[in-house]
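Following our numbering, the numbering of the sequence shown begins with 1446 at its first residue and continues without gaps.
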Amino acid sequence: MRFELVTIFPEFVETLRVGLLGKAMDAGTLEVVARSPREATTDKHRSVDAAPYGGGSGMVLMPGPIAETLEALDAERATPSRKILLTPQGTRFDQRTAERLAQEPCVTLVCGRYEGFDERIRGMVDEEISLGDFVLLGGEIAAATIVEAVGRLAPGVLGNAESACEESHTTGILEYPHYTRPSEFRGQEVPAILKSGDHAAIARWRRKEALRRTRDRRPDLLETAALDATDRKLLAELEAEEDR
Ligand SMILES: C[S@@+](CC[C@H](N)C(=O)[O-])C[C@H]1O[C@@H](n2cnc3c(N)ncnc32)[C@H](O)[C@@H]1O
């Protein structure tokens, strides 16, 4: 899978070259390239921004350099690309969006800076995505988040194919608690069932704890999660335990 970052800080792409993502980039499983819209400029100062019409503070990214960068990227590859504008005005990014984008052969992420984009840039992309209801200085951190969340779903990136399956949000609920060595830490014991070797009992405990955690922290997720009869029984058990 290929990611393209359109950013005035193309060196940012190297910050992604760590851990499993870095390994996948080195192995060629994931290709991540960055292009600066400054490359498309011809003036002495390589300007990509200008003052807003109508006045006001800050600078605005001009449409020309972004359009030419997107066209140059299109000419570089045989596959189409899903083009995304990163903006706090976009649709909130979530795991479902990550799963959808992981089906694409290429995702192009257009990173803003300054006051943001000339409005005509919006017509050059397929969708607009926000990381959340806050304002960053630029789109690069948002792009990095999307590359990690989507890239880890691409075939061959995660070592153990199953490790993505039970993660929080993948199944629609939060994941169960994890424990590792030591068995006792400052008076806190690992739940005995996890050391029992009884795989069925462990699976049941984990599912119940995942449901407990979701109910306590994100009850909204239970309204849309695909719960089966066993899940409903486990939730009823949790309620009954608390009524006691
Ligand atoms: C300072 S922001 C501009 C915000 C813009 N003036 C507005 O009010 O919508 C500069 C750039 O950072 C990126 N950015 C900021 N917050 C973001 C968020 N929550 N999600 C995605 N990108 C964001 C966008 O690319 C944006 O163009």
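Each residue gets a CB set at the ideal place from its N, CA and C atoms; glycine is no exception.
Alpha carbon to alpha carbon, what distance is there between LEU1639 and ALA1523?
50 angstroms
Buried/exposed call for THR1659, threshold 16 Cβ in 10 Å:
buried
Residues in its own chain within less than 6 angstroms of ALA1594 by CB, not counting five upstream and five downstream?
ALA1543
Alpha helix (DSSP H) containing ALA1670: first to last residue?
It is not in any alpha helix (DSSP H) - ALA1670 carries neither H nor E in the DSSP assignment.
Can you find the residues in the same chain that come closer than 8 angstroms, C-beta to C-beta, to TYR1624, ignoring five residues on each side of it along the sequence?
VAL1635, PRO1636 and LEU1639
Who pairs with GLN1540 in a beta bridge, going by DSSP?
Answer by DSSP bridge pairing: none, since GLN1540 is not bridged.
Can you list, in chain order, the residues of its chain with a C-beta nearer than 8 angstroms to that of ALA1599? Leave out the 5 residues immediately preceding and following it.
MET1446, ALA1469, THR1474, LEU1475 and ALA1547
Please classify THR1536 as buried or exposed, where buried requires at least 16 neighbouring CB atoms within 10 angstroms.
exposed
Fully enclosed by the segment 1517–1578, which alpha helix (DSSP H) runs are 4 residues long or longer?
1540–1546
Beta-carbon proximity check, THR1553 vs GLU1449, cutoff 8 angstroms:
yes
Could you tell me the boundaries of the beta strand (DSSP E) in which GLU1611 lies?
First-last for GLU1611: undefined, no H or E at that position.
For ligand 1, is there any heavy atom lying closer than 7 angstroms to the beta carbon of LEU1546?
no
Do the segment 1562–1572 and the segment 1613–1622 touch if we need at least three Cβ pairs shorter than 8 angstroms?
no
Evaluate ARG1558 with the Cβ neighbour count: other Cβ atoms within 10 Å of its Cβ, from every protein chain shown; 16 or more gives buried, anything less gives exposed.
buried
Extent of the continuous alpha helix (DSSP H) run through GLU1593
1585–1596
Would you say the segment 1476–1487 touches the segment 1504–1511, given that touching needs at least three Cβ pairs under 8 angstroms?
yes
If you draw a straight line from the alpha carbon of PHE1591 to that of PRO1497, how long is it in whole angstroms?
Checking the sequence, you will find Ile at residue 1591 rather than Phe. Approximately 29 angstroms between the Cα atoms of the pair.
PRO1455 versus ALA1520, ASP1673, LEU1530 and ALA1589, residue with shortest Cα-Cα distance:
ALA1589
What is the rounded straight-line gap between the Cα of GLY1467 and the Cα of ILE1647?
34 angstroms
Are VAL1451 and THR1514 closer than 8 angstroms when you measure CB to CB?
yes
Relative to ligand 1, is the shortest distance from any of its heavy atoms to the C-beta of ASP1580 smaller than 7 angstroms?
Residue 1580 is actually Val in this sequence, not Asp. Yes.
Within 10 angstroms of the Cβ of GLY1561, are there 16 or more other Cβ atoms? Answer buried if so, exposed if not.
buried
For ALA1469, report the span of its alpha helix (DSSP H) as first-last.
1464–1472
Looking only at its own chain, which residues have a Cβ that is under 6 angstroms from the Cβ of PHE1538, when we skip the five neighbours before and after it?
ILE1574 and LEU1576
State yes or no: is the C-beta of ARG1558 nearer than 7 angstroms to some heavy atom of ligand 1?
yes
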